[in-house]
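The next block holds one structure in the form of C-alpha cells; read it before the comments.
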Amino acid sequence: MIEIRNIVKKYFIGEPNELTVLKGLNISIGEGEFVSIVGQSGSGKSTLMNILGALDRPTEGEYSLDEISLAGMTDNELSDIRNKKIGFVFQTFNLIPRTSALSNVELPMFYKGISKRRRTERAKELMALVEMDDRMDHMPNELSGGQKQRVAIARALANDPSIILADEPTGALDSKTGKLVMDIFLKINKQEGRTVILITHNEGLARQTQRIITLSDGEITNDRKNELEEELPSG
C-alpha cells in the first residue's frame, strides 16, 4: 500500500543553514496494518507524516501509494489523493466552531459532491461508530476534548479512506480519555480493516499498535513488530 524509498527532506537548500530532516528513509506499510511512528521532538516524525499524507513533497526519493508514484503529481492531483485515500486526525481537532458535530462530519462529503441525504445517513453511521450518536446536534464548544476527537475521527472516515493518519491524536487529552480514543482506532483497524498510522512521542500508545517504527535525528533506529496482548475493545 505505502512504499517509500530513500526519502530525503531538506530545508534551506543550497544555503549555509541547509538542514536535512529526513535522511534516506525506507518504509513499507501494508494494507490493514496499525503502525506507530515514534520519536522525540525534532526526530523528523511530523515531516514524515506530511510526506505520507501528501501534504508535502520529499526533496529526494520515491513515494508510491497503492503502486502509484506520487512524484511529479500536481497540487490538484495530490489533493485528490488526500480526499480519496487518506483521513487525517490532528491533536487540535480542527472542528468548525459554529456548526454541529454532525455537520462537521458531513463536510468532507459535501466537497466530494455527495447528496445531502446520503451525507446525513453516512455521518450518522459514523457518529454511532465512534459512540457519539447522542451528541450529534451539539456544537463543538459543548463537547469535551475526547468527544471532539471522536467527532474528528468520524469526519476522517467520511469519504471512506483506506488510510487514517493520526498526528498526536491524544496529545491534548488526559490519559483516561486518550485510552477511549485509542480504543476507537483499534476498532476501526480491526473491525473495518483500515490502515492506521499513528504519529506519537508516547511509547505507551505505541505499544498498543501492531508495529513500532522509531525515528531519531531523521533516521529509522528501530522497526519492529509488536505482539499485542489487548483484546478488541467492546462496543
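If you're matching positions, the sequence shown starts at 41 in this note's numbering and goes up one per residue. Note that the Cβ used here is the ideal one computed from N, Cα and C, for glycine as well.
- Secondary structure note for L166: it is in no beta strand (DSSP E), and the uninterrupted alpha helix (DSSP H) holding it is K156 to L169.
- One thing to note: V170 has its Cβ within 8 Å of the Cβ of I193.
- The stretch 222 to 236 makes no contact with the stretch 251 to 262: fewer than 3 CB pairs, one atom from each, lie closer than 8 Å.
- Scanning the stretch 66 to 144 from its first residue to its last, the whole alpha helix (DSSP H) runs of 4-plus residues come out as 85 to 92 and 115 to 125.
- Shown here, S202 sits in coil according to DSSP, grouped into three states, outside any helix or strand.
- For the 8 Å CB-CB criterion, T249 and S202 do not form a contact.
- An exposed status is given to G70, since fewer than 16 other beta-carbon atoms sit within 10 Å of its beta-carbon.
- Under the Cβ criterion (8 Å, minimum of three pairs), the stretch 129 to 136 counts as touching the stretch 181 to 192.
- Under the three-state reduction of DSSP output, L245 falls in the helix class.
- If you check the CB distance, A141 and L183 come in under 8 Å.
- CA-to-CA, the gap between Q80 and D174 works out to about 37 Å.
- Across the structure, R195 and K63 are spaced so that their CA atoms are roughly 33 Å apart.
- In the structure shown, T217 falls within a helical segment according to DSSP collapsed to helix, strand and coil.
- Taking 8 Å as the cut-off, the Cβ atoms of R251 and N266 count as close.
- Excluding residues up to 5 positions away in sequence, N123 and N199 lie with their Cβ nearer than 8 Å to the Cβ of K152 in the same chain.
- Residue range G185 to A196 is occupied by the alpha helix (DSSP H) that includes R190.
- Excluding sequence positions up to five before and after R247, its CB lies within less than 7 Å of the CB of N266, all in the same chain and listed in chain order.
- Using a Cβ distance threshold of 8 Å, K164 and T99 do not count as a contacting pair.
- When the alpha-carbon of I136 is set against those of G127, I126 and L147, the nearest one is in L147.
- Excluding residues up to 5 positions away in sequence, A94 and L110 lie with their Cβ nearer than 7 Å to the Cβ of L118 in the same chain.
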